[in-house]
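>
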Amino acid sequence: MDYKLLFTVFTAVFIAELGDKTQLATMLFAADKDVSKITIFFGASLALILTSAIGVLLGG
133 MDYKLLFTVF
143 TAVFIAELGD
153 KTQLATMLFA
163 ADKDVSKITI
173 FFGASLALIL
183 TSAIGVLLGG
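Under the numbering used here, the sequence shown is numbered contiguously, ending at residue 192.
#1: Cβ atoms of Thr158 and Ile181: under 9 Å apart, would you say?
#2: In the DSSP assignment, find the alpha helix (DSSP H) that holds Lys153 and state where it starts and stops.
#3: Reducing DSSP to helix, strand and coil, say where Ser177 ends up.
#4: How far does the alpha helix (DSSP H) with Leu150 in it extend, from its first residue to its last?
Written out as structure tokens, the structure reads:
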């Protein structure tokens with residue numbers, strides 16, 4: 133595994149995701165006291181994984 137590439141991709145995606153609409157929507161969902169935070173975490177994580185997988189598959 134190319135760790136330099138892994139770090140580069142991680143850093144680019146991490147910085148790009150800070151403050152975007154997805155993060156703001158996730159924070160709005162998490163602000164509701166009646167919902168499970170773990171459910172929001174897994175839902176948001178699965179959505180990001182799926183969109184990333186689509187990008188990798190279509191890009192390669």
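We put the beta carbon where it would ideally sit given N, CA and C, even for glycine. Fair warning: this is a prediction, and the values are worked out from it, not measured in the lab.
According to the structure shown:
#1: Between Ile181 and Thr158, the C-beta spacing is not below 9 Å.
#2: Its alpha helix (DSSP H) spans residues Lys153 to Ala163.
#3: In the structure shown, Ser177 falls within a helical segment according to DSSP collapsed to helix, strand and coil.
#4: Segment: none, Leu150 is in no alpha helix (DSSP H) and carries neither H nor E.
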